[in-house]
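Numbering (our numbering), first residue to last: 6 to 443. Heads up: the structure comes next, in structure tokens.
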């Protein structure tokens with residue numbers, strides 16, 4: 006006998022999880038489509054050269070990389086953004102610009118498994134490519150906001166920063182050539198704290214303790230968004246790159262306020278760096294107020310040079326990704342996941358095996374009326390059938406025995422309220438529509 010087991014860092018998805026996951030995917034698709042994003046797909050495997058060196062040294066180490074049967078050097082995608090940059094470079098002549106896409110698919114990273122983080126997970130990305138307009142950065146934030154609300158969260162904050170602010174500071178400090186290492190260290194601030202970040206900047210990156218302290222002092226500025234921007238503007242006085250970032254962030258905050266986004270939903274956090282090397286502008290991280298420790302559940306940013314690795318055409322992009330599995334872990338901890346393991350709303354119990362055709366007929370009629378249902382395949386004891394219905398999470402049970410068939414009625418039991426009623430067969434679908442809508 007072969008022992009049934011999954012690889013470390015991977016997991017099976019049972020119906021309860023898949024029901025919740027697919028529900029989130031449906032919400033994401035609806036929100037993305039409402040903004041005009043079109044669906045695409047790319048292969049799970051790419052040539053290794055497509056993926057290597059695009060994220061960070063860490064993501065390079067996490068690639069599932071191997072030689073295929075044709076001796077090609079291939080790897081499994083670690084995110085959906087790098088394959089999209091390759092996709093855009095390859096097809097942009099047909100697509101036109103700006104091009105807005107969404108992509109929901111699995112990605113793979115050979116990292117250490119932890120709560121809410123697996124080696125195979127699903128990302129729900131949306132991006133705009135082919136424009137450097139700040140309006141696209143602002144729209145990206147609006148999509149994140151509307152997505153979180155559509156999922157059902159009211160208490161969340163989208164933390165915003167801009168790489169031009171950080172690079173402007175590094176330029177003033179004379180350490181811009183060390184930006185990759187500095188920003189990677191800064192991205193760990195919440196996890197390891199100020200002193201350890203400074204130590205990493207000094208020991209691993211090679212800047213002085215005074216320069217590292219200057220970066221951290223900047224990253225830990227506090228106040229309202231306008232107060233922080235005023236401090237940043239003063240600190241970066243004369244630095245054109247940094248002041249351009251300040252201007253773009255001011256426009257973002259003003260536009261979001263005009264669009265009706267509550268101030269507490271958008272927070273300027275100049276400590277956010279994002280660990281991936283390809284970000285060049287606005288960056289986003291979304292935290293749940295009731296569960297900040299779970300980390301960012303929707304992140305992204307602007308990447309103006311990524312597609313330039315595959316084409317001479319200028320294809321700046323901006324986008325974000327919903328961390329589906331991390332969000333599901335958070336929702337599970339907050340008790341927000343429905344325990345139903347069936348997509349069907351109604352259970353049709355079978356009392357009389359000789360009337361199988363009648364049970365199947367009513368099942369088809371209800372489906373034609375838009376009511377999903379499941380017909381039990383055998384005339385087992387009533388108690389067993391009700392146990393099955395309760396365990397799977399049906400909302401209602403439809404019952405008919407010989408007496409009901411003679412009278413032309415069905416008994417409907419509301420499993421949520423424990424109430425039942427006798428309903429004429431001709432009125433069954435309209436009665437169930439009312440019950441389910443409540």
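Cβ atoms here follow ideal geometry from the backbone N, Cα and C, with glycine treated the same way. On a predicted model such as this, the values are computed, not experimentally measured, just so you know.
Asked	Found
Rounded to whole angstroms, what is the Cα-Cα separation between residue 241 and residue 268?	25 Å
Given a threshold of 16 other Cβ atoms within 10 Å of its Cβ, counted over all protein chains shown, does residue 185 qualify as buried or as exposed?	exposed
Would you list the residues sitting across from residue 424 in a DSSP beta bridge?	419
Excluding the 5 residues preceding and the 5 following residue 168 in the sequence, name in chain order all residues of the same chain whose CB lies nearer than 7 Å to its CB.	284, 285, 286 and 288
As an exercise, report each continuous alpha helix (DSSP H) stretch of at least 4 residues that is fully enclosed by the stretch 8-70, in chain order.	20-39, 53-56 and 62-66
May I ask you to report which of helix, strand or coil DSSP gives residue 284?	coil
Contact check, residue 311 vs residue 59 under 8 Å by CB: the rounded distance?	7 Å
Taking C-alpha atoms, which residue in 396, 46 and 388 lies nearest to residue 96?	46
Look at the Cβ atom of residue 93, then the Cβ atom of residue 134, and state whether they are nearer than 8 Å.	yes
At which residues does the alpha helix (DSSP H) containing residue 153 begin and terminate?	139-156
Have a look at the DSSP bridge pairing and note the partners of residue 110.	128
Could you tell me which of 166, 266 and 295 sits nearest to residue 332, measuring between CA atoms?	295
Helix, strand or coil for residue 467? Go by DSSP, reduced to three states.	Limits of the chain in this structure are 6 at one end and 443 at the other, which puts residue 467 out of reach.
Under 8 Å, do residue 274 and residue 172 count as touching if we go by C-beta distance?	no
Under 8 Å between the Cβ atoms of residue 82 and residue 54?	no
Once DSSP output is grouped into helix, strand and coil, what is the label at residue 263?	helix
Bridge partners of residue 429, per DSSP?	414
By alpha-carbon positions, which one of 351, 148 and 98 ends up nearest to residue 391?	351
Compute the distance between the beta-carbons of residue 282 and residue 61, then report whether it is under 8 Å.	yes
Jot down the residue ranges of each uninterrupted beta strand (DSSP E) in the stretch 310-345, minimum 3 residues, whole runs only, in chain order.	322-328
What residue range is occupied by the uninterrupted alpha helix (DSSP H) comprising residue 362?	361-373
Give me the Cα-Cα distance between residue 23 and residue 161, rounded to the nearest whole angstrom.	24 Å
Give the secondary structure of residue 77 by DSSP, where H, G and I count as helix, E and B as strand, and everything else as coil.	coil
Can you tell me the Cα-Cα spacing of residue 130 and residue 322, whole angstroms?	13 Å
Tell me whether the beta-carbon of residue 309 lies closer than 8 Å to the beta-carbon of residue 137.	yes
Counting C-beta neighbours from all protein chains within 10 Å, is the total for residue 290 16 or more, i.e. buried, or is it exposed?	buried
Given a threshold of 16 other Cβ atoms within 10 Å of its Cβ, counted over all protein chains shown, does residue 118 qualify as buried or as exposed?	exposed
For residue 443, does the three-state DSSP call read helix, strand or coil?	coil
Taking the straight line between their C-alpha atoms, what separation do you get for residue 455 and residue 148?	Missing from the structure shown is residue 455; the chain here goes from 6 to 443 and no further.
Is residue 71 buried or exposed, if buried means 16 or more other CB atoms sit within 10 Å of its CB?	exposed
Mapping the DSSP letters down to three states, classify residue 236 as helix, strand or coil.	helix
Have a look at the DSSP bridge pairing and note the partners of residue 305.	289 and 325
So, helix, strand or coil for residue 92, using DSSP?	helix
Report the CB separation of residue 68 from residue 112 in whole angstroms; it is logged as a contact under 8 Å.	Between residue 112 and residue 68 the Cβ distance is about 11 Å, and since that is not below 8 Å, they are no contact.
Could you say which of 246, 245 and 252 lies nearest to residue 235 if we only look at CA atoms?	252
At which residues does the beta strand (DSSP E) containing residue 378 begin and terminate?	378-380
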